[in-house]
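One structure is given here, and the rest of the page talks about it.
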Amino acid sequence: MIVTEKELRQSIDLVAINRLLEELPGFSTFSVDQVMTYFMDPTMFSLSFNKEPGKGYLYSLDLAQHRRHLVNKVSRSFRNALMVSRLQAHLLGDSVLNWGADGADSLIDSLVNCFDIGMGSSVYRLDFASQSCVIKPVQSINGSFYAHILSLCQYPYINLSNFSVQNSFWQLSNYLEGVHFNEFYFQQTMTESIIEQLASHACLGDIFGRGDRHFENYLVSDNTIYPIDVSYLFWPDNDDWLDRYIAGGQSECSLLVLEPDFESLYWKCYHAAFTYFQSLKDSFVEAIQSFYLPGVAKDYERYLLERLEDDRYVINRKQQFQKPLEEYRYRLDYKSRLEQRFQQDAKSLDPLLLMYYYANKDRLTAFFLIDYYERKYLFDLI
34 MIVTEKELRQ
44 SIDLVAINRL
54 LEELPGFSTF
64 SVDQVMTYFM
74 DPTMFSLSFN
84 KEPGKGYLYS
94 LDLAQHRRHL
104 VNKVSRSFRN
114 ALMVSRLQAH
124 LLGDSVLNWG
134 ADGADSLIDS
144 LVNCFDIGMG
154 SSVYRLDFAS
164 QSCVIKPVQS
174 INGSFYAHIL
184 SLCQYPYINL
194 SNFSVQNSFW
204 QLSNYLEGVH
214 FNEFYFQQTM
224 TESIIEQLAS
234 HACLGDIFGR
244 GDRHFENYLV
254 SDNTIYPIDV
264 SYLFWPDNDD
274 WLDRYIAGGQ
284 SECSLLVLEP
294 DFESLYWKCY
304 HAAFTYFQSL
314 KDSFVEAIQS
324 FYLPGVAKDY
334 ERYLLERLED
344 DRYVINRKQQ
354 FQKPLEEYRY
364 RLDYKSRLEQ
374 RFQQDAKSLD
384 PLLLMYYYAN
394 KDRLTAFFLI
404 DYYERKYLFD
414 LI
């Protein structure tokens, strides 16, 4: 490896990121030793936040950028050498070469550049002479399955593969230049085409129980929307979680609060998509049977058919969404108030309110999961 411990230590500057982390509840700061371990131990695949899990602690876009910067500011030759050793340690070298480098013999000679593009944990973009790809650890084959479903629908999708190495699942995919939907929304004017795509993806996600489909799990490239990071499918209580996501400004339907002129079009497209998906029922069932083991497949088929064979499904979904949409309207008012409070006297804010301020900033979100974690009392403090 062309990296000395002294050079790496000199490259680590934790002042900016730790200053932000110190303000947030549920997060611990990075230490030089922790980052050094990440750099020097190739078996440690990702650099992640030190965060208490499952307690609703949120991070900002700025904080995610600072985390990525810890990796990406290291010189290219260092990054490439580190990445090659990391891929080799996890026995991923051949898979990456076959995917991104047209089967070249040497990873170190073929890798042109690499970057961490993840949010809370490392996800890597690998640049080769003719193309770029993305590698990350995953928990299942759901990404491959959903890409196949998108292809059956004749919807645009990112080519990817899920595979297992030493009892760990991984995902390799083509890299597509674009921006997350949050960023796209603040940069562009909404069009009928974008609303139509969102409605169709919302309906597809609903019938397949796709969870965690917040706006950073949609990539927009050339005005085309691509689902990314498909982790949760056929989630038993996904409808309840979807309500929480809508209320927090984290799901497709939330956009109707901000763009009410498109409400009629949204539901028209949602209904049309549902009818279209009903016509693909047999193909969907066949896909489930080919991707999943028989016992699991049976449950997944039942989940899908309960929705596709319900002629009142769209009507019921529209009614179900009204309450969380109203909650989102309510929270947007407090989001605006919190922004004013921050400008007036940020130091007086409760640490949790400060967390929500940063998490909401430059996003469509508004106090995500504040009800689930029983923190609505915070509204009285704004």
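FYI, the numbering for the sequence shown is 34 to 415, going by this note's numbering.
The beta carbon of each residue, even a glycine, is placed where N, CA and C say it ideally should be.
Only a predicted model underlies this, so the values are computations on that prediction, with no experimental measurement involved.
Roughly how many angstroms lie between the CA atoms of residue i and residue j, to the nearest whole one?
i	j	result
LYS351	ARG345	10 Å
GLU38	PHE72	9 Å
ILE50	TYR92	12 Å
GLN98	THR398	18 Å
LEU382	SER323	53 Å
SER128	ASP343	43 Å
GLU339	TRP274	18 Å
ILE27	ARG246	Given that the chain is displayed from residue 34 to residue 415, the structure contains no residue 27 and the question cannot be resolved.
ASP404	GLU225	32 Å
GLU210	SER254	6 Å
VAL290	ALA137	51 Å
LEU288	ASN256	17 Å
SER108	LEU41	10 Å
ARG396	TYR389	11 Å
For residue i, collect the residues of the same chain with a Cβ closer than 8 Å to its Cβ; drop the 5 residues on either side in sequence, then sort them by chain order.
i	result
MET34	For MET34, the predicted model reports a pLDDT of 49, less than 50, meaning its position is unreliable; a value from the coordinates is still stated below. The answer, listed in chain order, is ALA114, LEU115, SER118.
LEU185	LEU313, SER316, PHE317, ALA320
PHE63	LEU47, ILE50, ASN51, LEU54, ASN83, LEU103
So, for residue i: in the same chain, excluding its five sequence neighbours on each side, which residues have a beta-carbon less than 7 Å away from its beta-carbon?
i	result
GLY8	Because the chain in this structure spans residues 34 to 415, residue 8 falls outside the shown range and cannot be described.
GLU360	ALA280
GLN376	none
VAL347	TYR303, HIS304, PHE307
Which same chain residues end up closer than 6 Å to residue i when comparing Cβ atoms and leaving out the 5 residues on each side of it in sequence?
i	result
TRP132	CYS166, LEU205
SER155	SER79, LEU80, ASP149
ILE45	VAL65, VAL68
For the alpha helix (DSSP H) that residue i lies in, which residues bound it at each end?
i	result
LEU365	346 to 378
MET69	65 to 73
MET388	384 to 393
TYR333	327 to 341
TYR299	296 to 312
ARG42	38 to 44
LEU288	288 to 291
Report the CB separation of residue i from residue j in whole angstroms; it is logged as a contact under 8 Å.
i	j	result
MET223	GLU296	Not quite, the Cβ-Cβ distance comes to about 12 Å (not below 8 Å), so this is no contact.
VAL145	PHE161	6 Å
ASN271	GLY242	4 Å
ILE191	GLN230	15 Å between Cβ atoms; not a contact.
Which first and last residues belong to the beta strand (DSSP E) in which residue i is found?
i	result
ASN51	No beta strand (DSSP E) contains ASN51, which is instead part of the alpha helix (DSSP H) from 48 to 55.
GLN221	Premise fails: GLN221 is in no beta strand (DSSP E) and is neither H nor E.
SER201	201 to 207
ARG149	Reading the sequence as shown, one finds Asp at residue 149 and not Arg. It spans 146 to 149 - the beta strand (DSSP E) in which ASP149 sits, taken as one unbroken run.
Mind pulling the beta strand (DSSP E) runs of 3 or more residues that sit fully within the segment 161 to 192?
-> Considered as a whole, the segment 161 to 192 harbours 165 to 171 as its complete beta strand (DSSP E) runs of no fewer than 3 residues, in chain order.
Starting from the N-terminal side, write out each stretch of the beta strand (DSSP E) that is 3 residues or longer and does not extend beyond the segment 239 to 286.
-> Complete beta strand (DSSP E) runs here, min 3: 251 to 254, 257 to 260.
Runs of alpha helix (DSSP H) wholly within the segment 89 to 120 (minimum 4 residues, chain order) = If only complete runs of 4 or more residues are kept, the segment 89 to 120 shows the alpha helix (DSSP H) at 94 to 105, in order along the chain.
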